[in-house]
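Q: At position 13 of the sequence shown (counting the first as 1) the number is 13 in UniProt numbering, and the numbers step up by one without a gap.
Even for Gly, the Cβ is constructed at its ideal location relative to N, Cα and C.
Treat the numbers as computed from the prediction; the structure is a model and nothing was measured.
My questions will all concern the structure given below.
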Amino acid sequence: MAEERNIEGNTRVNAFLQKWEVSTRVAAGLPKVLKGMVKAAAKYGVRVDVPNPEEALKRAMPVWYHIVADKAAHAPNSKSGRCLRSKHGVMAVGQCAQVAGRITNPYAGHTQSPECKCRPCTVDRIDRGCNNPARCAVAAEKMLRKLYPKWQPEGGRARDNLSLTKTRKQLNEAARASDERITFDPSISQGMPLVRVFRVFVSKEQERAPARRPPRPYQVDEEEVEIYTDGSCMNNGRADARAGSGVWFGAGDDRNASERVLGDAQSNQTGEFYAVVMAHKATPPFVPMHVVSDSKYVVNGLTKWLHRWEQIGWIGVQNAGIIKRVVAYLRSRSAPTTFRWVKGHTDVEGNEGADELAAAGAELERPYMPMALPPPTEYLRNGTELADLTQKLAYAGIRRVKDRKTEKRKKTAGMISQALEAVQQYDGNKNTKVALWKAIRRSEIDKRVRDFIWKMAHGAHRVGTFWSNIPGYENRAVCVKCGTMEDMDHILTKCSAAGQERLWWATRMLLARRGIRLPENMSAALVVGSPLGEVKGDDGAVKAGDTRLLRIAISETAYLIWKMRCERVIEWEDEEGREHAVQEIDGRWQAMYNARIALDQAMTSVRLAGKRAIAGTRVSATWKGILSNEQELPPDWAERQVRVLVGRPRMEPNG
């Protein structure tokens, strides 16, 4: 890779389109802002990435120090190189190809002689002042041969006629409106303008060969197949989810099949997409394939949203792994592929058959070995298109890069694992880490409480061992009341100071009025996992109101215990032995719930809450059975902003 100081000025066009680097040395005098931009581009992989460049793009690329040419091929300072620039005006690949064209054109009458009489050489000698046009033509042809095959100009190369034309796109929109067959666009060709070739977060060098489909050996339209696909998942959204896929070719067809979805991502959606992979494997690549699915996510994803997903580099796209796999397979096919949506469970024979096969696939065990060759990744775009990069996308992309390089925090991994286990012991649900992080952001969890739980999950509270290695503050690591090393589990569930035991008792009594069980031995892990907790009826169905109350009760109680601990340890540090009185503990517990009820009432107002407004029936279902004088309240007390109070437990702890 050459540096800027070694490159002649008249060969420099764009450092990202050519094989030279902008010098960031102090002596180069580059402004600080530009230097930062150059370093950021290198750090986050700003490159030209084009799987299959169109002819116009190939010809528009700078030929000198071409980004994919060998260094020896440039020869910018040779006699021929200087002549090509100064007299022939060669700067782009297209201009270079025009000079070299006389060699490959059998009708030009060109000879490898300085005195060649062909018309192009004659014009070069007379009009441009070139002393040896034949030598310049050889130099130009040599430069072109040193380019990667996919960047070499080809002229009128035959096409496979599978890409979507303007007319085909219009037909697709009409087909989408009437639920007919929509043709998949397998094209990954990149044309002008040049601004579209720059991508960021590119993680690998580009391929040398163009990403082209193998030519179709023969036309077999009469052998086209229609395949119904479906996906199914047991325990969807849980860690123990089992996803299966099914493909149905026809009644009694030997190609009908069920498979268990590969990989850790097990969901209805991955099952739907994996079924398309199964259809591809069961169909010869030169046979037209018509997929019928009851998933609009599959149909629209592959025929409508795919272009945008690739533009943004799949940032924030769920199930990106399996979708990219499907795309790579479909783009490698040498025949048309279409998708048609059909409404599920409407007695359509093919859809019902695929549904049964998918359910059977979910019952299967995972295969130990891959059931197909890996997809051809050369058919996929790499990185995010720089021209459409927004600040939000850039931030998300940078976070994704950093997450790949950052070692996972052991404290976080340990707490999340404990939280998931605690929730499973409570309600029997085996949840995933992703589900827990999403649950912490649920609307029923107050923002302050959410931050508190998030810090607990990361071990970010300044307690216990945090102070052990700070000279002069070692005493803060030990609980003043109990004399033991302090951690969040001790603070929330074990400390003998007035507060935590009584608050958990009061909450336990409150939940008991609704028949909701709270574990006798609470833990910090269960507090972290509480946004996932569920209350189920005898039939196994989730009771929405009870579940919401449980999540609010555990998280709010834990946060109140933490606040009272901070008051005792920090604010009352100089008042040795001072603790909260029983009356104050009870009053603050009741005030906490009353404030939360008032907040829920306010959230029923669209005027106040906007899009975050919740239904009054949801609020009523959450707090029924635990309010004072509830029988006197109107049915719509939540929407009418009627002031209500939570009832106090009348029993004493252990009494």
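Classify lysine 58 as buried or exposed, calling it buried when 16 or more other Cβ atoms lie within 10 Å of its own Cβ.
A: Counting Cβ neighbours within 10 Å, lysine 58 comes out buried, since at least 16 surround it.
Q: Could you tell me the distance, in whole angstroms, from the CA atom of glutamate 639 to the CA atom of valine 197?
A: Each residue's alpha carbon lies about 55 angstroms from the other.
Q: So who's on the other strand from histidine 290, going by DSSP bridges?
A: Glu226, Thr338.
Q: For a quick check, are the C-beta atoms of valine 48 and leucine 17 less than 8 angstroms apart?
A: It is a contact, given that the beta carbons lie within the stated cut-off.
Q: Looking at the structure shown, is glutamate 630 part of a helix, part of a strand, or coil, going by DSSP?
A: Glutamate 630: helix per DSSP, three-state reduction.
Q: Excluding the 5 residues preceding and the 5 following glutamate 349 in the sequence, name in chain order all residues of the same chain whose CB lies nearer than 6 angstroms to its CB.
A: Same-chain partners within the cutoff: there are none.
Q: Grab me the residues of arginine 135's own chain with a C-beta within less than 6 angstroms of its C-beta, minus the 5 sequence neighbours each way, in chain order.
A: Taken in chain order, the residues that qualify are Ser80.
Q: What's the C-alpha gap between serine 23 and alanine 41?
A: Between serine 23 and alanine 41, the C-alpha separation is close to 13 angstroms.
Q: Let me know if histidine 345 comes out buried or exposed under the rule of 16 or more other beta-carbons within 10 Å of its beta-carbon.
A: Result: exposed.
Q: Tell me which residue opens and which closes the alpha helix (DSSP H) that valine 434 is part of.
A: Start and end: 433–440.
Q: Suppose you measure from the CA of tyrosine 65 to the CA of alanine 320; what does that come to, to the nearest Å?
A: Computed Cα separation, rounded: 36 angstroms.
Q: In terms of DSSP beta bridges, what is histidine 66 paired with?
A: Paired residue(s): Gln18.
Q: At least one CB of chain B closer than 8 angstroms to the CB of valine 138: is that the case?
A: This model lacks chain B altogether, as it is built from one protein chain only.
Q: Taking all protein chains shown into account, decide if alanine 581 is buried (16 or more other Cβ within 10 angstroms of its Cβ) or exposed.
A: That one is exposed.
Q: Going by C-alpha distance, which of Val225, Phe201, Asn172, Trp151 is nearest glycine 191?
A: When only C-alpha atoms are compared, the closest one is Trp151.
Q: Applying the criterion that 16 or more other CB atoms from any shown protein chain within 10 Å of the CB defines a buried residue, is residue 660 buried or exposed?
A: Since the displayed the chain opens at 1 and closes at 655, residue 660 lies outside it and no answer follows.
Q: Could you tell me which residues DSSP pairs with methionine 234 in its beta bridges?
A: Answer by DSSP bridge pairing, in chain order: Arg242.
Q: Quick check on methionine 485: does DSSP put it in helix, strand or coil?
A: Methionine 485: strand per DSSP, three-state reduction.
Q: Report all residues from its chain with a CB closer than 7 angstroms to the CB of alanine 439; omit the five preceding and five following residues, and keep chain order.
A: Correct list, in chain order: Pro531, Leu532.
Q: How about arginine 578 and tryptophan 572: do their beta carbons lie closer than 8 angstroms?
A: Yes, they are a contact pair.
Q: Rounded to whole angstroms, how far is the Cβ of alanine 358 from the Cβ of aspartate 230, which I believe are closer than 8 angstroms?
A: Right, their Cβ atoms sit about 4 angstroms apart.
Q: Skipping 5 residues on each side, what residues in its chain have a beta carbon closer than 8 angstroms to that of leucine 30?
A: Taken in chain order, the residues that qualify are Val22, Ser23, Thr24, Val38.
Q: If we count the other Cβ atoms within 10 Å of its Cβ and call it buried at 16 or more, is proline 375 buried or exposed?
A: That one is buried.
Q: Hey, quick one: how far does the alpha helix (DSSP H) through glutamate 173 stretch, first residue to last?
A: First-last of the alpha helix (DSSP H) with glutamate 173: 166–177.
Q: Indicate the three-state DSSP secondary structure (helix, strand or coil) for proline 133 in the structure shown.
A: Helix at proline 133.
Q: Shortest alpha-carbon distance to proline 133 belongs to which of Leu147, Leu144, Cys118?
A: The residue with the shortest Cα to Cα distance from proline 133 is Cys118.
Q: Applying the 10 Å Cβ sphere with the 16-neighbour rule, what's the burial state of methionine 485?
A: Exposed, because fewer than 16 other Cβ atoms sit within 10 Å of the Cβ of methionine 485.
Q: Using CA coordinates, which residue listed in Asp179, Arg607, Thr183, Thr11 is at the minimum distance from serine 295?
A: For serine 295, the nearest C-alpha among the options comes from Asp179.
Q: Assuming isoleucine 188 and proline 288 form a contact by the criterion Cβ under 8 angstroms, report the distance between their Cβ atoms to the nearest whole angstrom.
A: The pair is not a contact, with the Cβ atoms about 20 angstroms apart (cut-off 8 angstroms).
Q: Give every residue of the same chain whose Cβ lies closer than 6 angstroms to the Cβ of tryptophan 314, excluding the five residues on either side of it in the sequence, and list them in chain order.
A: Hits under 6 angstroms: Ala320.
Q: Taking the continuous beta strand (DSSP E) assigned at serine 258, which residues delimit it?
A: 257–260 is the extent of the beta strand (DSSP E) around serine 258.
Q: Could you tell me if threonine 104 is buried or exposed, where buried requires 16 or more neighbouring beta carbons within 10 angstroms of its beta carbon?
A: Threonine 104 comes out exposed.
Q: State the DSSP-derived secondary structure class of glycine 655, mapped to helix, strand or coil.
A: Any answer about glycine 655 is weak, because its pLDDT of 39 lies below 50 and its placement is not dependable; what the coordinates show is given next. It is coil, neither helix nor strand.
Q: Would you kindly work out how many angstroms separate the C-alpha atoms of arginine 128 and glutamate 141, rounded to a whole number?
A: If I take the Cα positions, the gap works out to 19 angstroms.
Q: Taking C-beta to C-beta, are alanine 92 and methionine 61 nearer than 8 angstroms?
A: Taking 8 angstroms as the Cβ cut-off, alanine 92 and methionine 61 qualify as a contacting pair.
Q: Just the Cα atoms here: how many angstroms apart are isoleucine 552 and asparagine 161?
A: Isoleucine 552 and asparagine 161: Cα-Cα distance of roughly 59 angstroms.
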